[in-house]
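These notes concern the structure reproduced below.
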Amino acid sequence: MLEVQNIDIYRGETQILWDVSFRINQKEIVAILGANGAGKSTLIASILGLLHPVSGKIIFRENDISKISSHAITRMGIACVPEGRHIFQDMTVLENLEIGAYSKRARPSLNKNIKWVFDLFPIMNERKNQLGGTLSGGEQQMLAIGRALMSKPDLLLLDELSLGLAPKITIDLLKTIETLRDENTTILLVEQNVEMALNHCDRSYILETGKISIEGTAQELMSNDHIRKAYMGI
Amino acid sequence: MNSLFFMYLTNGIVMGIIFALSALGVSLIVGIMNVINFAHGELYIFAGYISYILSVKLGISFYFAIPIAILTIFIIGILIEESLIKPTYGNDMYSLIITFILSIVLQNFALLVFGPFPNKPPNWISGATNMFGLFRYGNQRLVSCLAAIGIIIIVFLLIKKTWFGKTIRAVSQDRETASLMGIDTSKVNMLSFGLGCAIAGAAGVVLAPIFPVTPLAGVEISLIAFIILVIGGMGSLWGCIIGGLIIGIVQSFGAAYISSGYKDIFGFIILILVLFIRPSGLFGRKAL
Ligand SMILES: Nc1ncnc2c1ncn2[C@@H]1O[C@H](COP(=O)(O)OP(=O)(O)OP(=O)(O)O)[C@@H](O)[C@H]1O
Ligand SMILES: [Mg+2]
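Read top to bottom, the protein sequences are chains P and D. Each residue of the first sequence is one higher than the one before, starting from 0 at the first, in numbering that gives the first Met the number 0. Each residue of the second sequence is one higher than the one before, starting from 0 at the first, in numbering that gives the first Met the number 0.
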């Protein structure tokens, strides 16, 4: 579904990603794991068209999207739950969800998708007239996921789902993500919480200072000594 | 309380609403794009001039002259945004300087084309109304005030209820995330700059029958708009309404009970007081 081919990414003068390649197949949860500052969010920004690679390609369903602007990429069926959630604070929960369905492909099924999100996260229905900024951290994360789902994306990017959330809430959300995969949404999960992510993904890549160092299935990585030492403290 | 008090109050409220409308367009543009449009007052007077030419020189009824004038300013606004503002994105200082220069260019253009004398489209309505048996108040002012209220309500509905309004609010709150929702943020910039200018134009056509336009009349309009902007809080629409009312009422009472010679100073005094108490303005930032 998504194939990243040898991209080099700069922020200003500084190179952040070096020759990064990976692929995500349809109906897979792929996790990109790495420490603070490894370049995970930069990778997400590149897929979303917020940054453009100086070399390499990003192929989404046969199209090279590496030079397309972010609003056009979203309209092609990629949605994202950004790091730190980025809820529209002064808009209500309902308005946040509606704006998630802004793209033309999503608007006709707006009401159906709102119902779908409310079924996934009933608390959103209770809070629907509350301003986004007044929600708790966990609720904001649900809202960010719901808002992304409103566009009925084929590919969902999740940046640091666990950030600032209690482990139980994170695990519940990850279970929801697994349900979404089973319903045919493809998922890219970016995490520094390695152990938790490996428990809920199919395949994974390790990103170390801007380069992919290891890749494999979740099982393979969980039994990899280097990863157990460096990331799981075992 | 005598009837004079109520007359000053009425006048203050009417002027306040009119001021609020004159500031609404700049406020909208600041809130969405972080661009301060110094040419705001000049767009206002150009709308006044256009409605004057259409109705006085060409004899077109004001029902048509008004929408044509507003539409023209909307299109001019979009052209300004595409040609002058777009290249400055990311540098607020450049856009400030450019709109400042534009305002001077437009003033001189107006002077060349229309001459230094005041021009005034005909009143929509004549006569005066007896207010609650206390005093008589000019009908044109009342009607202009009602039109201003109508325009303000339309702008609020547009922003609170429509898809376009939602995209405007999303962009003003978090531009990057808005683009991740599929919103073309440069297009939103273009349209909202046009809308801001169109509101300036609407204020111009509504007020030109009361305050005839001169090439320099825009300066005072801009000045009051910026005072209101700072008092109400940059980019806050409610702040704009409240700020306008405060200035209108204080000016009216100040002119009546202290001295009409100091009329313009009252605004600055309030401005300084508000900045002392709440530097971010009464409604803070970003509450579109
Ligand atoms: N806007 C920016 N301008 C310049 N450098 C940046 C910018 N954002 C991030 N960087 C740098 O890019 C590198 C990678 O940052 P990135 O945010 O992609 O890391 P990350 O893996 O997402 O980290 P975290 O786990 O803390 O979210 C870091 O060295 C960071 O300092
Ligand atoms: Mg990050």
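The C-beta atom is built at its ideal place from N, Cα and C for all residues, glycine as well.
In the DSSP assignment, find the unbroken alpha helix (DSSP H) run with residue i in it and report its ends.
i         : result
Leu111(D) : Asp91 to Phe113
Thr128(D) : Premise fails: Thr128(D) lies in the beta strand (DSSP E), Ala127 to Met130, not in any alpha helix (DSSP H).
Ile44(D)  : His39 to Tyr51
Ile67(P)  : It is not in any alpha helix (DSSP H) - Ile67(P) carries neither H nor E in the DSSP assignment.
Gly280(D) : Taken as a continuous stretch (DSSP letters only), Gly280(D) belongs to no alpha helix (DSSP H), as it is neither H nor E.
Tyr261(D) : Neither: Tyr261(D) is in no alpha helix (DSSP H) and is coded neither H nor E.
Phe252(D) : Leu236 to Tyr256
Lys39(P)  : Lys39 to Ile46
Tyr88(D)  : Careful: Tyr88(D) lies outside any alpha helix (DSSP H) and carries neither H nor E.
Ile77(D)  : Phe61 to Ile79
Thr184(D) : Thr184 to Leu206
Leu220(P) : Ala217 to Met221
In the DSSP assignment, find the beta strand (DSSP E) that holds residue i and state where it starts and stops.
i         : result
Glu190(P) : Thr185 to Glu190
Met231(P) : Counting along the chain, Met231(P) falls outside any beta strand (DSSP E), though it belongs to the alpha helix (DSSP H) covering Asp224 to Met231.
Asn5(P)   : Leu1 to Arg10
Gln172(D) : Unbroken run through Gln172(D) is the alpha helix (DSSP H), Trp162 to Gln172; no beta strand (DSSP E).
Val13(D)  : Note, Val13(D): premise wrong, no beta strand (DSSP E); alpha helix (DSSP H) at Ser2 to Met32.
Asp18(P)  : Thr13 to Ile23
Thr208(P) : Where Thr208(P) is concerned, there is no enclosing beta strand (DSSP E), given that its DSSP letter is neither H nor E.
Lys56(P)  : Ser54 to Phe59
Leu32(P)  : Ile28 to Leu32
Gly137(D) : Phe134 to Gly137
Which word fits residue i, buried or exposed, when buried means at least 16 other C-beta atoms lie within 10 angstroms of its C-beta?
i         : result
Lys165(D) : buried
Met14(D)  : buried
His225(P) : exposed
Leu287(D) : With a pLDDT of only 45 at Leu287(D), under the threshold of 50, the placement of this residue in the model should not be trusted; the figure read from the coordinates follows. So Leu287(D) counts as buried.
Ile198(D) : buried
Thr172(P) : Note on identity: in this sequence residue 172(P) is Leu, with Thr being the wrong assignment. That one is buried.
Asp173(D) : buried
Ile176(P) : buried
Glu158(P) : It should be noted that the sequence gives Asp, not Glu, for residue 158(P). Counting Cβ neighbours within 10 Å, Asp158(P) comes out buried, since at least 16 surround it.
Leu274(D) : exposed
Gln106(D) : buried
Gln218(P) : exposed
Met92(D)  : exposed
Leu23(D)  : buried
Gly177(D) : Here the sequence assigns Ala to residue 177(D), which means Gly is not the residue at that position. With 16 or more Cβ atoms within 10 Å of its Cβ, Ala177(D) is classed as buried.
Gln140(P) : buried
Glu80(D)  : buried
Gln250(D) : buried
Ala68(D)  : buried
Can we count residue i as close to ligand 2, meaning its CB is less than 6 Å from some heavy atom?
i         : result
Ser40(P)  : yes
Glu219(P) : no
Glu175(D) : no
Glu207(P) : no
Glu177(P) : no
Glu219(D) : no
Glu81(D)  : no
Glu82(P)  : yes
CB of residue i to nearest heavy atom of ligand 1: below 6 Å?
i         : result
Leu88(P)  : Residue identity check: residue 88(P) is Gln in the sequence provided, not Leu. No; taking the cut-off as 6 Å, the Cβ of Gln88(P) has no heavy atom of ligand 1 nearer than that.
Gly36(P)  : yes
Arg180(P) : no
Ile211(P) : no
Arg104(P) : no
Gln191(P) : yes
Ile15(P)  : yes
Glu22(P)  : The displayed chain sequence assigns Arg, not Glu, to residue 22(P). No, since every heavy atom of ligand 1 falls outside the 6 Å radius drawn around the Cβ of Arg22(P).
Arg10(P)  : yes
Does the beta carbon of residue i sit closer than 7 Å to a beta carbon anywhere in chain A?
i         : result
Ser102(P) : Checking the listed chains, one finds no chain A in this structure; the protein chains it contains are P and D.
Check your understanding: Counting Cβ pairs closer than 8 Å, one from the region 163-173 of chain D and one from the region 45-52 of chain D, do we hit at least three?
Key -> Judged by Cβ distances under 8 Å, the region 163-173 of chain D makes no contact with the region 45-52 of chain D, as fewer than three pairs qualify.
Review point. Looking at C-beta atoms only, is the number of pairs between the region 1-17 of chain P and the region 201-211 of chain P that lie closer than 8 Å three or more?
Key: Three or more pairs of CB atoms, one per stretch, sit closer than 8 Å, so the region 1-17 of chain P contacts the region 201-211 of chain P.
Review point. Taking three-plus beta-carbon pairs below 8 Å as touching, is the region 120-136 of chain D in contact with the region 220-228 of chain D?
Key: In this structure the region 120-136 of chain D does not lie against the region 220-228 of chain D, because fewer than three pairs of beta carbons, one per stretch, are closer than 8 Å.
Exercise for review: Go through the region 108-188 of chain P residue by residue and report every complete run of the alpha helix (DSSP H) that reaches 4 residues or more, in order.
Suggested key: Taking only runs of at least 4 residues, the alpha helix (DSSP H) segments lying wholly in the region 108-188 of chain P are 109-119, 121-125, 136-148 and 166-181.
**Study point:** Sufficient close CB pairs (3 or more, under 8 Å) joining the region 27-45 of chain D to the region 257-276 of chain D
**Key:** With a cut-off of 8 Å, the region 257-276 of chain D and the region 27-45 of chain D do not count as touching, because too few Cβ pairs lie within range.
Review point. On the three-pair Cβ rule with 8 Å, is the region 135-154 of chain D touching the region 28-44 of chain P?
Key: The way I'd put it, the region 135-154 of chain D doesn't touch the region 28-44 of chain P; fewer than three beta-carbon pairs between them come closer than 8 Å.
Point to revise | Segment contact flag, the region 183-196 of chain D with the region 24-40 of chain D, C-beta cutoff 8 Å, min 3 pairs | key: Counting C-beta pairs with one atom in each stretch, the region 183-196 of chain D and the region 24-40 of chain D have three or more that are closer than 8 Å, which means they touch.
Point to revise | In chain order, each alpha helix (DSSP H) run of at least 4 residues that lies wholly inside the region 76-101 of chain P | key: Counting only runs of 4 or more, we get 92-99.
Check your understanding: Would the region 85-93 of chain P and the region 129-146 of chain P be scored as touching if the rule is three or more Cβ pairs under 8 Å?
Key -> Cβ pair count under 8 Å is three or more, so yes.
Exercise for review: Say whether the region 78-89 of chain P touches the region 145-155 of chain P, bearing in mind that this needs 3 or more beta-carbon pairs closer than 8 Å, one atom from each stretch.
Suggested key: Cβ pair count under 8 Å is three or more, so yes.
Check your understanding: Quick one: any contact between the region 196-216 of chain D and the region 146-158 of chain D, if contact means 3 or more CB pairs under 8 Å?
Key -> With the cut-off at 8 Å, the region 196-216 of chain D and the region 146-158 of chain D touch.
Check your understanding: Are the region 95-112 of chain P and the region 45-65 of chain P touching by the rule of at least three beta carbon pairs closer than 8 Å?
Key -> Output reads no: the region 45-65 of chain P does not touch the region 95-112 of chain P.
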